[in-house]
Structure formats: C-alpha cells, structure tokens
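Working notes, structure below.
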Amino acid sequence: MTDLFFALIRAGLDGTPLTDFPKLEGRQWAALLDMARKQTVVGLLYQGLSQLPQGYPLPQNLLYVLIAEIGHLEKESRKVQQTAEALTAEFRAQGLHPLVMKGPSVAAFYAQPLLRECGDIDLYFPPEEFDRAASMAGDVKPAPDGSVHYKREGIDIDQHRQYFDIHSRKLPPVPSPEATLLMLSAHILKHCMGVGIGLRQLCDLAMAYKALAVPPEDLRRCFRDVGLERWNRLLFSFLHKYLGAEPLYDTLPSPDPLLKIVLEGGNFGHHSQAREASLHKSPLRRKLGTAGLFLRRLPFSLRYAKKELVPMLGELLRGNLS
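Quick note: the sequence shown uses the working numbering, first residue 1, plus one each step.
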C-alpha cells in the first residue's frame with residue numbers, strides 16, 4: 001500500500017496522470033485515506049485521485065467522506081491564510097518586517113494552496129524588532145527558546161527570534177530562496193532527531209525546491225557551509241525517489257532511514273505508539289517521553305547531524321522540544 005500511497009501523493013503534487021493505477025477494494029481505499037490523515041496530506045490524496053483515468057471505479061462512500069473533509073480543510077486554510085495576511089499587514093503598518101515561516105508561506109508553492117493543511121502561524125522578526133512586535137501582540141506567553149506564543153482569531157501564533165533550527169556561522173541572508181530551503185530542511189531535521197516528522201513537511205520542501213529554482217551548485221554550497229551535506233543527501237534522496245523532485249546530488253544514498261521515520265510516526269510523530277502513549281501522561285512524563293525519543297534517535301542523529309547534537313541536547317534540557 002505504501003507504493004500506491006506515494007503514487008497518489010506524487011500525482012497530487014505534479015499532476016501526473018495515473019494511467020495504470022490498479023483497482024482497489026473498499027478496505028484498501030480506507031487504508032490509503034487513513035495514511036493520508038496521519039500524514040496530514042488529505043488534500044494531496046484528493047488531488048491525486050483526480051489524476052485517475054475517467055471512469056475509474058472509486059467507492060462512493062470514499063468520495064462523500066473526502067468531499068466533506070476537503071470542504072473543511074479549505075475553510076480552515078482560508079482562515080489561517082487571511083489571519084496571517086491581516087496580522088503581517090498590522091505589523092508592517094507599524095514599520096516592522098515580519099516573515100511568515102512554513103504554513104501559509106509554503107502553501108503558496110502548491111497548485112491549490114488551500115488544500116495544504118495549515119495549523120498555527122509562525123512569524124519571524126529581525127532581532128531588533130522582536131520585542132516591539134511582542135509588545136504589540138498583547139497577551140503573550142514566553143517559551144524556553146525565547147519565542148513567544150499568542151492567539152489571533154483562535155489561531156495559535158508562534159513568534160520566533162531565530163529563523164533557523166540550526167547553529168552555524170555561515171547562514172544565508174534572510175530573506176532569500178536559499179534561506180527558505182535551509183529553514184525547511186533544518187526544521188525537518190530537528191523533528192527527525194526528536195519526536196518524528198510527517199510527509200507534509202517533505203512535500204513542502206519538494207514544492208519550495210521546485211518553485212524557488214535555486215541553482216543546484218548554490219544550494220549544495222549552502223548545505224555544505226552549514227555542515228549538513230550528509231543530511232541533505234538523505235533528504236533529497238527521499239524527495240527524488242518518492243516525490244519526484246529533481247536530484248540535487250549526482251549520487252544519493254538510500255532514503256530508507258528517513259522513510260522509516262515518516263511512516264512510523266506520521267505528522268510530527270503523533271501516531272507512533274510511544275508518542276501516543278506519552279500524550280496521555282503528565283507534563284513531566286511527556287518531557288521524559290520526548291527525551292526517550294531523542295535518545296532512541298541518537299544513531300540517526302550521530303550519522304546525519306552530529307554538529308547539531310549538543311544544541312539539541314540543550315533545547316531538550318530547557319524543555320523546548322515537544
């Protein structure tokens with residue numbers, strides 16, 4: 001089922017017709033929909049189905065459920081998008097320079113932005129503007145990493161002091177296409193080293209990579225400068241094999257280590273057995289559960305991001321990894 005799932009998601013991303021897709025039974029379609037929900041890519045599954053041949057037999061109950069979920073998804077995505085636009089307009093009117101990270105900003109890289117599931121809104125401000133922006137936001141709650149959280153129209157807003165989830169002296173300027181791609185790559189890495197990551201974030205990077213069209217030699221140099229070339233070889237191997245992205249490197253490793261993380265936990269690892277069990281425990285036990293996941297990922301982290309281990313451990317001790 002995994003190969004069929006990725007075929008549908010890839011078709012949803014690039015619009016490739018699915019001319020030889022096999023006929024499936026109802027329970028198989030239910031399994032594919034369950035996978036899409038866990039990976040928060042129901043919108044892409046829906047778009048992939050539109051690439052099936054005319055007259056392909058789809059179960060009516062599947063279509064009814066999907067249409068209802070897509071309607072809700074579009075409504076929620078539109079609300080997040082409009083809130084992000086209104087919020088950034090307010091800050092800009094006061095002479096500030098917010099950048100929307102992930103969420104609505106990467107949704108713009110998709111053919112149908114409203115079908116990309118959005119949750120909260122992440123805002124970045126230049127360091128000299130952060131405190132003023134936070135004072136304008138109203139009732140804010142500080143986080144251990146120095147960011148602040150607040151709500152707008154019922155939507156969670158995370159306001160960040162740092163644009164990147166990595167520590168390096170050779171970071172590209174913000175904003176820039178290289179910065180966007182590095183930010184998305186580092187965000188995926190951070191969660192791979194901890195609680196896990198889902199397919200949606202990898203789809204985001206695949207679409208950003210295609211849309212921003214950074215010359216491959218420039219992007220390879222950027223990843224090399226920050227010390228994450230090995231990680232990005234693995235990451236872009238996954239994007240090439242499963243999501244149809246153009247290869248960034250001439251030789252690519254097997255994407256299996258990353259595929260395992262994606263499939264076992266889904267969206268930010270919420271569907272792994274260990275993660276699900278920890279979500280029902282006390283805050284302290286949840287933190288201990290996160291620490292356990294971090295330790296479990298140590299072989300992966302040592303292989304692909306050794307330089308980031310010490311900073312990640314510091315965040316873990318401060319309680320910043322959820």
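Virtual Cβ for every residue (Gly too), placed ideally from N, Cα, C.
Just so you know, these numbers come straight off a predicted model, no measurement behind them.
Taking its Cβ as the centre, do 16 or more other Cβ atoms sit within 10 Å of residue i, making it buried, or is it exposed?
i: ILE121; result: buried
i: TYR346; result: Shown here, the chain extends from 1 to 322; a query on residue 346 therefore has no answer.
i: SER50; result: exposed
i: ALA403; result: No answer is possible for residue 403: the residues shown for the chain start at 1 and end at 322.
i: PRO191; result: Just to set this straight, residue 191 is His in the shown sequence, not Pro. Counting Cβ neighbours within 10 Å, HIS191 comes out buried, since at least 16 surround it.
i: SER322; result: With a pLDDT of 49 at SER322, under the threshold of 50, the modelled position of this residue cannot be trusted, and the question is left open.
i: GLY265; result: buried
i: GLY194; result: buried
i: ASP165; result: buried
i: THR180; result: buried
i: GLN39; result: buried
i: GLY292; result: exposed
i: SER237; result: buried
i: GLU217; result: exposed
i: SER147; result: buried
i: SER185; result: buried
i: LEU298; result: exposed
i: PRO255; result: buried
i: GLU178; result: buried
i: GLN201; result: buried
i: TYR46; result: buried
i: LEU295; result: exposed
i: ALA351; result: Examination of residue 351 is not possible in this model, given that the chain is present from 1 through 322 alone.
i: LEU32; result: buried
Which residue wins for smallest C-alpha separation from residue i, given the options the options?
i: HIS240; options: LEU313, CYS203 and GLU264; result: CYS203
i: PRO98; options: PHE125, PRO113, TYR110 and ALA68; result: PHE125
i: ASN232; options: ILE188, LEU212 and PRO22; result: ILE188
i: LYS141; options: SER135, GLY71 and TYR150; result: TYR150
i: GLN94; options: PRO53, VAL80, MET136 and PHE109; result: MET136
i: MET207; options: GLU153, LEU44 and PRO22; result: LEU44
i: LEU263; options: ASP14, ARG37 and ALA30; result: ARG37
i: PRO172; options: ARG200, ARG220 and ALA133; result: ARG220
i: HIS72; options: GLU153, GLU117 and LEU298; result: GLU117
i: LEU228; options: PHE91, PRO57 and LEU309; result: LEU309
i: PRO53; options: VAL80, THR19, ARG78 and LEU33; result: THR19
i: GLN28; options: ALA11, MET1 and ASP131; result: MET1
i: ASP158; options: PHE130, LEU248 and PRO59; result: PHE130
i: ASP3; options: LEU259, MET312 and GLY15; result: LEU259
i: PHE91; options: LEU58, ARG132, VAL106 and PRO59; result: ARG132
i: GLU76; options: GLY119, PHE109, GLN47 and TYR56; result: GLY119
i: LYS210; options: CYS222, PHE223 and LEU243; result: LEU243
i: GLN60; options: LEU313, SER176, GLY26 and ALA11; result: GLY26
i: LEU15; options: PRO311, SER176, ALA213 and ALA111; result: According to the sequence displayed, residue 15 carries Gly and not Leu. Taking only the C-alpha atoms, the option nearest GLY15 is ALA111.
i: MET35; options: LEU199, VAL80, LEU24 and ARG152; result: LEU199
i: GLY55; options: LYS307, ARG78 and PHE21; result: PHE21
Just checking my contact of residue i with residue j at CB under 8 Å: how many whole Å lie between their CB atoms?
i: THR83; j: ILE155; result: 5 Å
i: SER168; j: VAL226; result: 4 Å
i: PRO127; j: ARG161; result: 6 Å
i: ILE9; j: VAL41; result: 6 Å
i: LEU234; j: PRO215; result: Incorrect: roughly 21 Å between the Cβ atoms, too far for contact.
i: LEU115; j: GLU74; result: 7 Å
Determine, using beta carbons only, whether residue i comes closer than 7 Å to chain D.
i: ASP131; result: Protein chains in the displayed structure number just one, and chain D is not present.
Complete beta strand (DSSP E) runs within the stretch 56 to 107 (minimum length 3 residues, chain order): Counting only runs of 3+ residues, the beta strand (DSSP E) found wholly inside the stretch 56 to 107 occupies 99 to 101, in chain order.
Contact the stretch 59 to 66 vs the stretch 101 to 110: 3+ CB pairs below 8 Å: no
Segments of 4+ residues assigned as alpha helix (DSSP H) that fall wholly inside the stretch 217 to 264: 229 to 243
Complete runs of the beta strand (DSSP E) confined to the stretch 121 to 175 [at least 3 residues]: Unbroken beta strand (DSSP E) runs of no fewer than 3 residues, entirely contained in the stretch 121 to 175, are found at 121 to 124, 148 to 152 and 155 to 160, following chain order.
Contained alpha helix (DSSP H) runs [length at least 4] in the stretch 13 to 47, N- to C-terminal order: 26 to 38
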